[in-house]
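K.L.:
One structure, as structure tokens, below. Some questions next.
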Amino acid sequence: MTARNAVRDDFPVLRREFDGQSISYLDNAATTLKPRPVIRAITEYYETNGANIHRGKHRLSEEASDAYEGARVVIARHLGAAANEVVLLRNTTEALNLVAGGLDLPPDARVVGCLDAHHSQLLPWRRVGQLELTRLDEHGRLDRDHFRTLLRGRPHVVALTHCSNVTGVVHPVAELVAEIRAACDAVIVLDAAQSLPHQRIDVQELDVDFMAFSMHKMLGPTGVGVLFGRSERLARLRPASVGGGMVDWVDLDGSVDRRIPYRFEAGTPAIASIIGSAAAIRYLEAQDTPERHRHAQELGAALIGGAVARPGVRLIGPPDSTDRIALVSLRLDDSIPTGEVARLLSDSYGYMVRSGHMCAQPLVSGMAGGEVLRVAAYLYNDVSEIEGFYQALDELVSWIAPTAAMEGKLA
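Position one of the sequence shown corresponds to residue 1 (the UniProt record's numbering), numbered consecutively onward.
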């Protein structure tokens, strides 16, 4: 068995078939599949423990608490952070909302963002301040001159997107952070949900104040979001939720919040999923090899090459593989219903891809003018799957286009 086949064998979902057709999962920008070690870690917690954490002194509670805090340490080490700088939440969206709402910004606070931001890195800032978005070039890369112009306005916050979930472009965040630090005293908040699954990030080297991501996009369970925050920044952040678990003392006159990061973790958390997240981090670290990165480049080249070779398909994003992940968004002819194509790719060919505006509607509407078909590969995919996807797409388009044209004439 080759190393690549061994990786695929770790993902039980890939053994499924629909009507005798094996599946090919290419919706990895939405969420990734879960390997056996992650599934085992979750199952083991429920089979051998199941107790709550930080609530009791009995043996099961202490074991669960140790495993939970051990997972926090694993995640923190992966980021180059201290354990008390890692807040465990539900998803990236909750993490970004916590920062936006917890900074206590003035109503007229200026926030600089990116046009390719996910709605979760756009809407929270629009709610708490005056959001200005950095323009992009025709391929989705940041307009650096416009970015510098916006920085001259001395914003309170700069909300960066590391990697677009539409174009796959990875922005030069280290360079952008250096420019921000030289221009103003803004709080830097990074959305790393799409980049961290593909590359290690050392938060100390990157010098951001906050960084948010979701474990389900990097082989982990759903229901776990992570917020990194510099300890001095977290100490000044106002909790979004209050209740059990985030206080040291409550009496009739008031309460005393726990220290960071616990003051941001009210209520019972997703204990099993957070324990499973540690298993996901360990699995990813074991796969962090030159072979994996070469494979990712091959997947990206196959995705881009397949798109630019087809006259009926428009690639949304750069036509090259420089500084981007293995992801493409495709705009089909206006007469071809993108959602129906995605359904047929699934039901007739076994290819799982995404259609729509990708929770980045301003970008997709501006660059594509309508819904796109997104194909995102990951470490368990092969180039042959990319080739098969494009063959299936060709067949569907050749069948749908004449039918759509005829229906248009009849109408």
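For every residue, glycine included, the Cβ atom is placed at its ideal position computed from N, Cα and C.
1) Go through its chain and collect everything with a Cβ distance to residue 86's Cβ below 8 Å, but skip five positions before and after it.
2) DSSP three-state call for residue 378: helix, strand or coil?
3) Is residue 309 closer than 7 Å to residue 377 when the C-beta atoms are compared?
4) Hey, quick one: how far does the beta strand (DSSP E) through residue 248 stretch, first residue to last?
5) Using DSSP's beta-bridge definition, name the partner residues of residue 169.
6) Sort out for me which residues DSSP pairs residue 211 with in a bridge.
7) Counting Cβ pairs, one atom from each stretch, are 3 or more of them under 8 Å apart for the stretch 27-40 and the stretch 278-286?
8) Drop a sphere of 10 angstroms on the beta-carbon of residue 174, count the other beta-carbons inside from all chains shown, and report buried for 16 or more, exposed for fewer.
9) With the cut-off set at 7 Å, would you say residue 230 and residue 209 are in Cβ contact?
10) Check whether the stretch 104-118 and the stretch 246-253 are in contact - that is, three or more C-beta pairs closer than 8 Å.
11) Would you decide whether residue 10 is buried or exposed? Buried here means 16 or more other CB atoms lie within 10 Å of its CB.
12) Assuming residue 214 and residue 52 make a contact with CB atoms under 8 Å, what is their CB distance in whole Å?
13) Put residue 316 into one of helix, strand or coil per three-state DSSP.
14) Which stretch, first to last residue, makes up the beta strand (DSSP E) that contains residue 254?
15) Is it the case that the Cβ atoms of residue 155 and residue 187 are separated by a distance below 7 Å?
16) Whose C-beta lies closer than 6 Å to the C-beta of residue 37 among residues of the same chain, with five residues either side of it excluded?
17) Does the pairing of the stretch 187-197 with the stretch 236-246 give three or more beta-carbon distances under 8 Å?
18) What does a CB cutoff of less than 6 Å around residue 234 pick up in its chain, not counting 5 residues either side in sequence?
19) Quick check on residue 55: does DSSP put it in helix, strand or coil?
20) Cα separation between residue 207 and residue 6?
21) Contact criterion: CB-CB distance below 7 Å. Does residue 7 meet it with respect to chain D?
22) Contact defined as beta carbons within less than 8 Å: I believe residue 239 pairs with residue 264. What is the distance between those atoms, to the nearest angstrom?
23) So what does DSSP say about residue 400, is it helix, strand or coil?
24) Might you give, ordered along the chain, the residues of its own chain that have their beta carbon closer than 7 Å to the beta carbon of residue 364, omitting 5 neighbours on each side?
25) Could you check if residue 19 is buried or exposed, using at least 16 other CB atoms within 10 Å of its CB as the buried criterion?
26) Since residue 335 is in the alpha helix (DSSP H), which residue starts that stretch and which ends it?
27) Can you give me the start and stop residues for the beta strand (DSSP E) that residue 110 sits inside?
28) Please classify residue 79: does DSSP put it in a helix, a strand, or coil?
29) Can you tell which of 135, 198, 149 has its C-alpha closest to the C-alpha of residue 288?
30) Does the separation of the CB atoms of residue 353 and residue 104 fall below 7 Å?
31) Would residue 335 and residue 316 be called neighbours here (beta carbons separated by less than 7 Å)?
32) Out of 286, 269, 324, 397, which one is the CA nearest neighbour of residue 332?
33) Reducing DSSP to helix, strand and coil, say where residue 265 ends up.
34) Between 135, 204, 183, 157, which has its C-alpha nearest residue 171's C-alpha?
35) If you reduce the DSSP assignment to three classes, tell me which class residue 11 lands in.
36) Would you tell me roughly how many angstroms separate the C-alpha atoms of residue 224 and residue 273, rounded to the nearest one?
P.N.:
So, from the listed chains and residues:
1) Mapped onto the sequence shown, residue 86 falls at position 86. Contacts found: 72, 75, 76, 79, 226, 227, 228, 261.
2) Position 378 of the sequence shown, counting from 1, holds the residue named residue 378. Residue 378 falls in the coil class under three-state DSSP.
3) The residue labelled residue 377 in the question sits at position 377 within the sequence shown. The residue labelled residue 309 in the question sits at position 309 within the sequence shown. Annotated as distal: residue 377 and residue 309, with beta-carbon spacing of 7 Å or more.
4) As a first step, residue 248 must be located in the sequence shown, where it is residue number 248. Segment 247-251, the beta strand (DSSP E) holding residue 248.
5) Your numbering for residue 169 matches position 169 in the sequence shown. Under DSSP, residue 169 forms a beta bridge with 324.
6) Taking the first residue of the sequence shown as position 1, residue 211 is located at position 211. 190, 228.
7) Yes: at least three Cβ pairs fall under 8 Å.
8) One-based indexing of the sequence shown puts residue 174 at position 174. Per the 10 Å Cβ criterion, exposed.
9) Start at 1 with the first residue of the sequence shown, and residue 230 comes out as number 230. Start at 1 with the first residue of the sequence shown, and residue 209 comes out as number 209. Yes; because the gap between Cβ atoms is below 7 Å, this pair is in contact.
10) Flag = no, the stretch 104-118 and the stretch 246-253 do not touch.
11) Locating residue 10 in the sequence shown gives position 10, where the first residue counts as 1. Residue 10 comes out buried.
12) Position 214 of the sequence shown, counted from the start, is the residue given in the question as residue 214. Position 52 of the sequence shown, counted from the start, is the residue given in the question as residue 52. 23 Å between Cβ atoms; not a contact.
13) Reading the sequence shown from its first residue, position 316 is the one you call residue 316. Under the three-state reduction of DSSP, residue 316 is assigned to strand.
14) Stepping through the sequence shown from its first residue, residue 254 is reached at position 254. Its beta strand (DSSP E) spans residues 254-257.
15) Within the sequence shown, the letter at position 155 stands for residue 155. Within the sequence shown, the letter at position 187 stands for residue 187. Going by C-beta atoms, residue 155 is not nearer than 7 Å to residue 187.
16) If you number the sequence shown from 1, residue 37 lands on position 37. 279, 283, listed in sequence order.
17) No, because fewer than three Cβ pairs between the stretch 187-197 and the stretch 236-246 fall closer than 8 Å, the two stretches do not touch.
18) Here residue 234 refers to the residue found at position 234 when the sequence shown is read from its first residue. Cβ neighbours of residue 234 beyond the five flanking positions: 260.
19) Here residue 55 corresponds to residue number 55 of the sequence shown, with the count starting at 1. It is coil, neither helix nor strand.
20) Reading the sequence shown from its first residue, position 207 is the one you call residue 207. Reading the sequence shown from its first residue, position 6 is the one you call residue 6. Spanning the two alpha carbons is a distance of roughly 37 Å.
21) Checking the listed chains, one finds no chain D in this structure; it contains a single protein chain.
22) Position 239 of the sequence shown holds residue 239. Position 264 of the sequence shown holds residue 264. Confirmed, about 5 Å.
23) Stepping through the sequence shown from its first residue, residue 400 is reached at position 400. Three-state result, residue 400: helix.
24) Locating residue 364 in the sequence shown gives position 364, where the first residue counts as 1. Same-chain partners within the cutoff: 166, 357, 358, 372.
25) As a working mapping, residue 19 is identified with position 19 in the sequence shown. Classification for residue 19: exposed.
26) For the purposes of this step, residue 335 is identified with residue 335 of the sequence shown, where counting begins at 1. Note, residue 335: premise wrong, no alpha helix (DSSP H); not H, not E.
27) Along the sequence shown, one-based indexing puts residue 110 at 110. For residue 110, the enclosing beta strand (DSSP E) has its first and last residue at 110-114.
28) Position 79 of the sequence shown, counted from the first residue, corresponds to residue 79. Correct three-state label for residue 79: helix.
29) Position 288 of the sequence shown, counted from the start, is the residue given in the question as residue 288. By alpha-carbon distance to residue 288, the top candidate from 135, 198, 149 is 198.
30) Position 353 of the sequence shown, counted from the first residue, corresponds to residue 353. Position 104 of the sequence shown, counted from the first residue, corresponds to residue 104. No; because the gap between Cβ atoms is not below 7 Å, this pair is not in contact.
31) To locate residue 335, count along the sequence shown from 1; it is residue 335. To locate residue 316, count along the sequence shown from 1; it is residue 316. By the CB criterion at 7 Å, residue 335 and residue 316 fall outside the cutoff.
32) Looking up residue 332 in the sequence shown gives position 332. Of the listed residues, the one whose Cα sits closest to residue 332 is 397.
33) As a working mapping, residue 265 is identified with position 265 in the sequence shown. Note: residue 265 maps to coil in three-state DSSP.
34) Here residue 171 corresponds to residue number 171 of the sequence shown, with the count starting at 1. Restricting attention to 135, 204, 183, 157, the CA atom closest to the CA of residue 171 is found in 135.
35) As a working note, residue 11 is residue 11 in the sequence shown. Annotated three-state conformation of residue 11 is coil, per DSSP.
36) For the purposes of this step, residue 224 is taken as the residue at position 224 of the sequence shown. For the purposes of this step, residue 273 is taken as the residue at position 273 of the sequence shown. Approximately 7 Å between the Cα atoms of the pair.
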